[in-house]
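Numbering (our numbering), first residue to last: 964 to 1157. Beta carbons are placed, not taken as given, at the ideal position from N, Cα and C, and that holds for glycine.
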């Protein structure tokens, strides 16, 4: 498990990559925390594996926060669950090998009717969007437990306080709060909670 007290560099990966660490000048110890957003929207685990060396490991983070899986399960870049698990394990192994600690987060809930306007029901197979999301979150929790990683259940947090659906107060974007039928991404308030 990690400790916030001695962190020099923090690395945040949310299917996209964001790095937070400490600024330092030449030949000086780190002074102040900073954040580098190296995120690329639409990335899945395959994309992250292709760029993890340059966009994560090169920064030698002390802690990496990883949330990845939404684009694996809900885009035309779909990754079957068995390959997703292999990719996730490889990403984590690379991060751990670099001596970074890992905080693993599961994926957020979604508003399924909006997702079914993006892709036909058959795209999601028999399990549907919610079933596919549940499979991904089950894998994430299993891997966190097996590797003894810190785990943050963001899915539960958003379900508990997020009012996921059509209300303006939903923490997931909808027509009432963002004038779009996204159904996946957090609102500004959702990002504050996350």
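Cβ separation of residue i and residue j, assumed to be a contact under 8 Å, to the nearest whole Å
i: residue 1034; j: residue 1005; result: 6 Å
Extent of the continuous beta strand (DSSP E) run through residue i
i: residue 1065; result: 1064 to 1068
Contact under 8 Å by Cβ, residue i with residue j
i: residue 1078; j: residue 1146; result: yes
i: residue 1072; j: residue 1114; result: no
i: residue 1012; j: residue 1065; result: no
i: residue 1070; j: residue 1032; result: yes
i: residue 1051; j: residue 1102; result: yes
i: residue 1136; j: residue 1126; result: no
i: residue 1007; j: residue 1049; result: no
Beta-carbon proximity list for residue i, same chain, < 7 Å, skipping 5 on both sides
i: residue 1090; result: 1098
i: residue 1015; result: 1054, 1057
Those residues which DSSP pairs with residue i across a bridge
i: residue 1114; result: 1067
i: residue 1135; result: 1149
Residues near residue i in its chain [Cβ-Cβ closer than 8 Å; skip 5 each side]
i: residue 1139; result: 1129, 1130, 1131, 1133
i: residue 1075; result: 1091, 1092, 1093, 1146
i: residue 1080; result: 1144
Residue span of the alpha helix (DSSP H) that contains residue i, given as start and end
i: residue 1008; result: 1008 to 1018
i: residue 1093; result: 1091 to 1109
i: residue 1077; result: 1075 to 1081
i: residue 1126; result: Counting along the chain, residue 1126 falls outside any alpha helix (DSSP H), and DSSP gives it neither H nor E.
Check: residue i C-beta below 7 Å from any heavy atom of the ligand HEM
i: residue 1075; result: The ligand HEM is absent from the structure shown, which contains no ligand whatsoever.
Neighbourhood of residue i by C-beta, 6 Å cutoff - its chain only, sequence neighbours within 5 removed
i: residue 1141; result: none
i: residue 1061; result: 1020
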